[in-house]
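As structure tokens, the structure follows; a few thoughts come after it.
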Amino acid sequence: MGVANRGDYDLRCLTQGTKKEQYAERHKLHSLSPVEDELERFTPYVIEPSVGLDRLMYAILTDSITKDSSRKYNYLKLPSSLSPYMVAILPMAHDEETIDLCETLWSKLVARDFRVHYDPSDANRKVGKSFRVQDQIGTAFCITVDSESVAEQAVTVRERDSKEQVRVRVSQVLSRAPSDFDELVPLPVAAEVSGKVEE
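Numbering (this note's numbering), first residue to last: 7 to 205.
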């Protein structure tokens, strides 16, 4: 938010330009009680607050651009409630079963009020590049669907800020609401080390 105290400059200039006095009236104060029949003219000060969507968005974006020495790029560390997409579904294979699973995930998450990015052509990219693209626009979570996901009914969920990745059941992903999706990551250390799929 920007605030400018313009003093009486604007109204004085308007008075000079239009030759019509710009003023307000107030009761003259004698001791502590106003005298109703005695008014005085004065030129009010102008306070100019300026709040707009563009200023707020610039402030949020400026605050959210994050440099991380472990990445070779800056990313947007937006709160998931403000990011354009909360979840991106990234297919890692072109086969029909993988694409069908991606589309099922997409439709069910959208029905649960998630903002979801899904593009079947993401399968043409390396996974690292897909993560980079999503990190740079502030997507909070990426769900990768690989060639084993259909048989296992499990996907990998990656959290943007920590870069933690966990393997979880599809049913577990679909049981989450947007408000508690972040509880999927991080996984307890014991389960991470064992490599087991989280139930």
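The C-beta atom is built at its ideal place from N, Cα and C for all residues, glycine as well.
For residue i, which beta-bridge partners are listed by DSSP?
{"i": "Thr162", "result": "Thr150 and Arg173"}
{"i": "Glu54", "result": "Ala10"}
{"i": "Pro97", "result": "Val151"}
{"i": "Thr72", "result": "Tyr81"}
{"i": "Arg47", "result": "Glu31"}
{"i": "Tyr64", "result": "Answer by DSSP bridge pairing: none, since Tyr64 is not bridged."}
{"i": "Val122", "result": "Val93"}
Below 8 Å on the Cβ atoms is my contact criterion, and I expect residue i with residue j to pass it. Report the Cβ-Cβ distance as a whole number of Å.
{"i": "Arg166", "j": "Phe147", "result": "7 Å"}
{"i": "Val191", "j": "Ile149", "result": "At roughly 11 Å, the Cβ-Cβ gap does not stay under 8 Å, so Val191 and Ile149 are not in contact."}
{"i": "Gly144", "j": "Ser75", "result": "With 8 Å as the limit, Gly144 and Ser75 do not qualify as a contact, their Cβ atoms being about 20 Å apart."}
{"i": "Tyr79", "j": "Gln140", "result": "Tyr79 to Gln140, Cβ: 12 Å. No contact."}
{"i": "Arg32", "j": "Leu45", "result": "7 Å"}
Pick from the options: whose alpha carbon is nearest that of residue i?
{"i": "Ala30", "options": "Tyr51, Asn11 and Asp74", "result": "Tyr51"}
{"i": "Phe120", "options": "Ile95, Pro126 and Ala99", "result": "Ile95"}
{"i": "Ile66", "options": "Ser87, Arg77 and Lys78", "result": "Ser87"}
{"i": "Asp152", "options": "Pro90, Asp101 and Leu20", "result": "Asp101"}
{"i": "Lys34", "options": "Asp74, Arg47, Ser177 and Arg173", "result": "Arg47"}
{"i": "Tyr3", "options": "Arg32, Val122 and Thr21", "result": "Look at the range of the chain in this structure, 7 to 205, and you will see that residue 3 is not part of it."}
{"i": "Asp98", "options": "Glu189, Val161, Val116 and Gln171", "result": "Here residue 98 is Met; the residue named in the question, Asp, does not match the sequence. Taking only the C-alpha atoms, the option nearest Met98 is Val161."}
{"i": "Phe137", "options": "Arg77, Glu189, Glu27 and Ser70", "result": "Arg77"}
{"i": "Glu154", "options": "Lys135, Ile53, Val176 and Gly23", "result": "Val176"}
{"i": "Phe187", "options": "Pro85, Lys26 and Val57", "result": "Pro85"}
{"i": "Thr49", "options": "Ile105, Cys19, Asp141 and Glu170", "result": "Cys19"}
{"i": "Thr68", "options": "Lys83, Gly58, Tyr79 and Val57", "result": "Lys83"}
{"i": "Glu170", "options": "Glu189, Val156, Pro184 and Gln159", "result": "Glu189"}
{"i": "Asn13", "options": "Glu27, Thr24 and Ile53", "result": "The sequence shown places Gly at residue 13, not Asn. Nearest of Glu27, Thr24 and Ile53 to Gly13, Cα basis: Ile53."}
{"i": "Glu103", "options": "Thr21, Ser185, Leu45 and Ala157", "result": "Ala157"}
For residue i, does the count of other Cβ atoms within 10 angstroms reach 16, so buried, or fall short, so exposed?
{"i": "Pro55", "result": "exposed"}
{"i": "Val127", "result": "Note that residue 127 is Ser in the sequence shown, not Val. Exposed, because fewer than 16 other Cβ atoms sit within 10 Å of the Cβ of Ser127."}
{"i": "Asn11", "result": "exposed"}
{"i": "Tyr15", "result": "exposed"}
{"i": "Ser200", "result": "Reliability of the predicted coordinates at Ser200 is poor, the pLDDT of 36 falling under 50, and the value obtained from them is presented with this limitation in mind. Per the 10 Å Cβ criterion, exposed."}
{"i": "Arg173", "result": "buried"}
{"i": "Leu115", "result": "buried"}
{"i": "Pro194", "result": "For Pro194, the pLDDT reaches just 42, beneath the cut-off of 50, and the residue's location in the model is therefore unreliable, although a value from the coordinates is still provided. Exposed."}
{"i": "Tyr4", "result": "There is no way to answer for residue 4, as the model of the chain reaches only from 7 to 205."}
{"i": "Cys108", "result": "buried"}
{"i": "Arg164", "result": "buried"}
{"i": "Leu111", "result": "buried"}
{"i": "Ser89", "result": "buried"}
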